[in-house]
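*Asks:* Numbering (the working numbering), first residue to last: 429 to 1333. The beta carbon of each residue, even a glycine, is placed where N, CA and C say it ideally should be. Okay, handing you the structure first.
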Amino acid sequence: MISAKVFLISHPISANHSGIMKEYNFSEIEKKWQDYWEKNRTFRTHDDFSNPNKYYILDMFPYPSGAGLHVGHPEGYTATDIVARYKRMKGFNVLHPMGWDAFGLPAEQYAIQTGTHPAVTTNKNCDTFRRQIKALGLSYDWDREINTTDPAYFKWTQWIFIKLYNTWYDHNTNRGRDINELPVPLDVIKAGDEARKKYIDSKRLAYYDDAQIWYCPSCRIVCANEEVLTDGSHEKCGNRVVRRNLKQWMLRIPYYAERLLNGLEQLDWPEGIKEMQRNWIGRSTGAEVDFQVDGSGEIITVYTTRPDTLFGATYMVLSPENPLVGNLTNPEQAGAVEEYVRAASLKSDLDRTDLAREKTGVFTGSYAINPVNNKKIPIWVADYVLMGYGTGAIMAVPAHDERDFEFAKKFGIEIVCILSPAVNDMEQKRRIISGDECWSGDGIYINSSDSKRGITLDGLNVEEGIATITRWIENRNIGIYRVNYKLRDWLFSRQRYWGEPFPVIHWEDGSISLLDEKDLPLTLPELEIYEPGANGESPLSNATDWLYVTDNEGRRGKRETNTMPQWAGSCWYYLRFIDPKNEEKIFDPEKERYWMPVDLYIGGAEHAVLHLLYARFWHKVLFDLGIVSTDEPFMKLFNQGMILAFAYETATGAKVSSDQVTEKDGKYYIADTGEEVRQIVAKMSKSLKNVINPDDVVRNYGADTLRLFEMFLGPLEATKPWDEKGIKGPHNFLSRTYRLIANGENITGGEEDPEILKALHKTIRKVTEDIEGLRFNTAISAMMIFLNTALKKEKIARETASSYIKLLSPFAPHLAEELWELTGHEGTIAYEPWPLADERYLREEVFECPVSVNGKMRFKIELPVDLPVEEVKEIVLADERAKKWIGDASPKVIVVPNRIVNIVV
RNA sequence: GCCCGGAUGGCGGAAUUGGUAGACGCGCUGGUCUCAAACACCAGUGGCAGCAAUGCCGUGCCGGUUCGAUCCCGGCUCCGGGCACCA
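Below you can see the structure in the form of structure tokens.
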């Protein structure tokens, strides 16, 4: 011992065995290879149609915010990059592009405050994002970079808008068609040109109309239904939205509801996302039923999913906005109804989504006739019925609908139970039948027959009842089977400067025309003031030079001053990546046929409904018009989970900025006051000051470590907390890898140790399977296990090292390139063939068979693989350790071949 | 309220979907190196009892099916996400 110490002291450098050891200098390595890739354009994608194996892998492109990247971005980008690099090594022609969804409010807000043109801000932000992304070593083909704010790009966004305008939906063939092919009914033609134009406009997928829409006074912008949260606030700014009537561009997405719904089935998407889209589309089936109004010629048509409960309909409700309200209100009730309707319109402005939601309503004084039994039922007005869904009127069945029940109870309206419920609880059954409790489940009809009208439901169950009554209604011509959707027209304009201008002119005679394709793009004018008007005018209304136009005949017109919402650019960007520089066409159809559809699309779940539904809608329209070759754009979708970060709050729940907190003995305190705070995990946000910037991580540990760490954190889809303490693990793994392989002395030329060989092939198999399944955390763990095995041996054959470097290369590409070079290879590793697992090395002859007694593992015994069951039993029962548990009993033995033996005593 | 997820050591998470629970990593403990520390390296590490061999307990809770349950079934609790007067 003593002499050894003396020896070591006298040779301090050799303290780390094997002489001079090169250290893992990640900054140098990463810089070197990023320069190499850039210089050699290593990841440029060629439209090589001769390779039938193409793989289009796409990230949801980011909005380049001023704050730059946070560590959530690299998570998805690293995942796609691993797959892209892996697929290249598998011989696929890979399309893996990146671009910027760069229209948006923040740049415009900044322009309002500072007068800086949004394009300037945007370009600066794009530069930052590009620099940060390049520092991560992501293998994008930068020659295909696109930017939605580039006129060369939004020219085609405008072009698609013109296509939407010139398309109608043929419900017979269920596809969109050119507006010139729209058959116009004879009576419309007879009614003249004006009527004909009106008819055609009523069929276009894009239309301009007065609509009651949500308006955010704080942002001075209209919002799509989807952008308004349940509590009536604007999802962007959190302020209250109000109802307004404004002329706006709308898209008739509901025409595609059925196709958008059915199309989901063929898609390899997370079930949850598909379910959210289904819910959003909100298909329901039922019937429209006509009710005569007593003593008047009026008819109220209602939509109901439960026509089978007609016998239980004891009143009707009109939405306050329903145009029939005026006609159906009798003079005695007029005051009360007017007051209610007025209050409701105010309420919809201020408090439409009142949480208390006590049912309110007022009687019109009129009655309707229930067609199944001729009974007179009162007609009410109540705001729990919405004008925008169904027909804006309902038949109310309080016995079998919770909302109607609540309303009827409050206003003392009759409750007639017509369905004996399928419940065992006799007391509950009694309550339901007597109308003291509501029942919306299945059961057997009672009181639901009328011999005069030839309708009998009694004795049937709900399913049979719905079918029977629907037939009866249709035969009697008082209604019709109907499919309904929650999905509404999509409000497609915003009162903003920084968006795509509509290629639209409004003429003084009230007509609208769209620009010619050859006049695209219509670019934005230069402005001094970016602020929108207080009444919802877009800032573009100030651009007088740009705004006014005169045609050849001297007719004067005004350009559309609204711009498109941010969704427009992201609705089709994946198509432009295919042929991003094409000036003649949106893209070359041959290239489109080769590259589409997107094989794998990765992004955050926050776009589950909006972006993904809109993009699918546009895609289907383009498909119907023969512009794209596939019906769906994104075959496989995967959502990466959010990365959360630690944040701190006081005992009262007040949030404390992370930079003010210090840790001591596992507890957290505010540095200045010493007050103890609690550590929580929360979304990264500026206000909590818990945003992690990837630049810092790259500087301290390197991009390869960051990539590995983000992937090692847990399953890609999981929400995970960012805890930088753990980053040492992946970093160590990389430096240990470097130490093993960069050290020439460890690399041998000859035969490989059988144990390492076996470990290698197991690793190849595991890593390959895990990349295919997007399970990067376990792939990394498999490589760590391999490294541990190899390090124990301190020697590794060159061939083995090469295979291992290849496995590592999609995850830690810089280090892999460096090691590839150090082990004597030339050029990039990016296109080297992916290693194959050789079954020969994977086959086992013996295995450690666990033996359990009564289901509890007791000991292990080495057994040959595939030993016949009887022999296994014999060997196991003969074992001393087994005898200890069995004693004198004669046990039952269950043998699961090559897996486990269970002795039952 | 409804619809989707989820709950496993001190922590992030594994587990071939009915067959050895806790891989891998962090952290922690001990050791080597160091004047010392950091780094690195080696060993250990679910809890309880025991010097130990070993035994008992253990995958949010209660119950069930099974030779055997983290996994399947029934009933809850809590957490995350989405939707919400959609007739």
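May I ask you to list the residues that DSSP assigns as paired with residue 1107?
*Replies:* The residue you call residue 1107 lines up with position 679 of the first sequence. BP columns for residue 1107 point to 1076.
*Asks:* What are the complete beta strand (DSSP E) segments, minimum 3 residues, inside the region 1121-1188?
*Replies:* Taking only runs of at least 3 residues, the beta strand (DSSP E) segments lying wholly in the region 1121-1188 are 1148-1150.
*Asks:* Taking the beta carbon of residue 561 as the centre, do at least 16 other beta carbons fall within 10 Å, making it buried, or is it exposed?
*Replies:* For the purposes of this step, residue 561 is taken as the residue at position 133 of the first sequence. The residue in question, residue 561, is buried, as its Cβ has 16 or more Cβ neighbours within 10 Å.
*Asks:* Nearest to residue 898 by CA position, among 1055, 737 and 590, is which residue?
*Replies:* Numbered from 1 along the first sequence, position 470 holds the residue referred to as residue 898. Residue 898 has its Cα closest to that of 737, out of 1055, 737 and 590.
*Asks:* Let me check understanding here. Comparing Cα to Cα, which of 1045, 882 and 1224 lies closest to residue 1178?
*Replies:* Mapped onto the first sequence, residue 1178 falls at position 750. Nearest of 1045, 882 and 1224 to residue 1178, Cα basis: 1224.
*Asks:* Please work out which residues of its chain come closer than 7 Å, Cβ to Cβ, to residue 783, disregarding the five sequence neighbours upstream and downstream, and give them in chain order.
*Replies:* Taking the first sequence and counting its residues from 1, the one referred to as residue 783 is at position 355. Any reading at residue 783 is ruled out, since the residue's pLDDT is 45, under 50, leaving its predicted position unreliable.
*Asks:* According to the neighbour-count rule (16 or more other Cβ atoms, all chains shown, within 10 Å of its Cβ), is residue 1264 buried or exposed?
*Replies:* Your numbering for residue 1264 matches position 836 in the first sequence. Counting Cβ neighbours within 10 Å, residue 1264 comes out exposed, since fewer than 16 surround it.
*Asks:* In the DSSP assignment, find the alpha helix (DSSP H) that holds residue 1117 and state where it starts and stops.
*Replies:* Here residue 1117 corresponds to residue number 689 of the first sequence, with the count starting at 1. Per DSSP, residue 1117 belongs to no alpha helix (DSSP H) and is neither H nor E.
*Asks:* So within the region 979-1062, which uninterrupted beta strand (DSSP E) runs reach at least 3 residues, ignoring any that extend past its ends?
*Replies:* The region 979-1062 contains these whole beta strand (DSSP E) runs: 984-987 and 1028-1032.
*Asks:* Could you compute how far the alpha carbon of residue 417 sits from the alpha carbon of residue 1065?
*Replies:* Outside the modelled stretch of the chain, which goes from 429 to 1333, sits residue 417, for which no answer is possible.
*Asks:* Taking C-beta to C-beta, are residue 1204 and residue 1144 nearer than 9 Å?
*Replies:* Locating residue 1204 in the first sequence gives position 776, where the first residue counts as 1. Locating residue 1144 in the first sequence gives position 716, where the first residue counts as 1. Yes, the pair counts as a contact, with Cβ atoms nearer than the cut-off.
*Asks:* Residue 521: buried (16+ other C-beta within 10 angstroms of its C-beta) or exposed?
*Replies:* Position 93 of the first sequence holds residue 521. It counts as buried.
*Asks:* Under the three-state reduction of DSSP, which class applies to residue 737: helix, strand or coil?
*Replies:* Residue mapping note: residue 737 aligns to position 309 of the first sequence, counting from 1. In this structure, residue 737 counts as helix in the three-state DSSP scheme.
*Asks:* Considering only C-alpha positions, which residue in the set 1220, 1104, 739 and 471 is nearest to residue 893?
*Replies:* By 1-based counting over the first sequence, the position of residue 893 is 465. Taking only the C-alpha atoms, the option nearest residue 893 is 739.
*Asks:* Determine the DSSP secondary structure at residue 531, reduced to helix, strand or coil.
*Replies:* The residue given as residue 531 occupies position 103 in the first sequence. In this structure, residue 531 counts as coil in the three-state DSSP scheme.
*Asks:* At the level of alpha carbons, what is the spacing between residue 1237 and residue 1149?
*Replies:* By one-based count along the first sequence, residue 1237 stands at place 809. By one-based count along the first sequence, residue 1149 stands at place 721. So the alpha carbons of these two residues sit roughly 26 Å apart.
*Asks:* DSSP three-state call for residue 759: helix, strand or coil?
*Replies:* Here the question's residue 759 lines up with position 331 in the first sequence. Three-state result, residue 759: helix.
*Asks:* Where residue 669 and residue 645 are concerned, what is the direct C-alpha to C-alpha distance, given to the nearest angstrom?
*Replies:* Walking along the first sequence from the start, residue 669 turns up at place 241. Walking along the first sequence from the start, residue 645 turns up at place 217. Cα-Cα distance, rounded: 7 Å.
*Asks:* For residue 1211, collect the residues of the same chain with a Cβ closer than 7 Å to its Cβ; drop the 5 residues on either side in sequence, then sort them by chain order.
*Replies:* If you number the first sequence from 1, residue 1211 lands on position 783. Once the five neighbours on either side are set aside, the close Cβ partners of residue 1211 are 1191, 1195, 1235 and 1236.
*Asks:* Around the Cβ of residue 575, are there at least 16 other Cβ atoms within 10 angstroms (buried) or fewer (exposed)?
*Replies:* What you label residue 575 is simply residue 147 of the first sequence in a count that begins at 1. Result: buried.
*Asks:* I need the DSSP call for residue 579, collapsed to helix, strand or coil.
*Replies:* Stepping through the first sequence from its first residue, residue 579 is reached at position 151. In this structure, residue 579 counts as helix in the three-state DSSP scheme.
*Asks:* When we look at the beta-carbon of residue 727 and count the other beta-carbons within 10 Å, is it buried (16 or more) or exposed?
*Replies:* Taking the first residue of the first sequence as 1, we reach residue 727 at position 299. With fewer than 16 Cβ atoms within 10 Å of its Cβ, residue 727 is classed as exposed.
*Asks:* Contact check, residue 929 vs residue 952 under 8 Å by CB: the rounded distance?
*Replies:* Walking along the first sequence from the start, residue 929 turns up at place 501. Walking along the first sequence from the start, residue 952 turns up at place 524. Right, the Cβ-Cβ distance comes to about 6 Å (below 8 Å), so this counts as a contact.
*Asks:* According to DSSP, is residue 442 part of a helix, a strand, or is it coil?
*Replies:* Within the first sequence, numbered from 1, the residue matching residue 442 stands at position 14. At residue 442, the pLDDT of 30 sits below 50, so the modelled position is not reliable; the number obtained from the coordinates is stated separately. Correct three-state label for residue 442: helix.
*Asks:* Quick one: grab the DSSP three-state call for residue 714.
*Replies:* Locating residue 714 in the first sequence gives position 286, counting from the first residue. Looking at residue 714 - three-state DSSP - the assignment turns out to be strand.
*Asks:* Contact defined as beta carbons within less than 8 Å: I believe residue 907 pairs with residue 717. What is the distance between those atoms, to the nearest angstrom?
*Replies:* The residue given as residue 907 occupies position 479 in the first sequence. The residue given as residue 717 occupies position 289 in the first sequence. Contact holds; Cβ gap of about 4 Å.
*Asks:* First and last residue of the alpha helix (DSSP H) that includes residue 464?
*Replies:* Within the first sequence, residue 464 is the residue found at index 36, counting from 1. Here the alpha helix (DSSP H) through residue 464 covers 454-468.
*Asks:* Measure the CB-CB distance between residue 1032 and residue 1067 and report whether it falls below 9 Å.
*Replies:* Translated into positions along the first sequence, residue 1032 becomes position 604. Translated into positions along the first sequence, residue 1067 becomes position 639. Yes.
*Asks:* Tell me whether residue 823 sits in a helix, a strand or coil according to DSSP, three-state version.
*Replies:* In the first sequence, counting from the first residue as 1, residue 823 sits at position 395. Residue 823: strand per DSSP, three-state reduction.
*Asks:* Measuring straight from C-alpha to C-alpha, what distance separates residue 1269 and residue 1197?
*Replies:* Counting from one through the first sequence, the residue named residue 1269 turns up at place 841. Counting from one through the first sequence, the residue named residue 1197 turns up at place 769. Looking at the two C-alpha atoms, the distance is approximately 17 Å.
*Asks:* Can you tell me the Cα-Cα spacing of residue 568 and residue 1286, whole angstroms?
*Replies:* For the purposes of this step, residue 568 is taken as the residue at position 140 of the first sequence. For the purposes of this step, residue 1286 is taken as the residue at position 858 of the first sequence. One C-alpha to the other measures close to 53 Å.
*Asks:* Taking the alpha-carbon of residue 884 as reference, which of 891, 870 and 900 has the nearest alpha-carbon?
*Replies:* Position 456 of the first sequence, counted from the start, is the residue given in the question as residue 884. Closest option to residue 884, Cα to Cα, is 900.
*Asks:* Using C-beta distances below 8 Å, list every residue in its chain close to residue 1021, excluding the 5 sequence neighbours before and after it, in chain order.
*Replies:* Indexing the first sequence from 1 puts residue 1021 at position 593. Once the five neighbours on either side are set aside, the close Cβ partners of residue 1021 are 1057.
*Asks:* How is residue 943 classed by DSSP in three states: helix, strand or coil?
*Replies:* As a working mapping, residue 943 is identified with position 515 in the first sequence. Residue 943 falls in the coil class under three-state DSSP.
*Asks:* Taking residue 553 as the reference, which of 1180, 1289, 1161 and 497 has the closest Cα?
*Replies:* In the first sequence, the residue the question calls residue 553 occupies position 125. Residue 553 has its Cα closest to that of 497, out of 1180, 1289, 1161 and 497.
*Asks:* Using CA coordinates, which residue listed in 861, 992 and 1118 is at the minimum distance from residue 650?
*Replies:* Counted from its first residue, the first sequence places residue 650 at position 222. The shortest C-alpha separation from residue 650 is found at 992.
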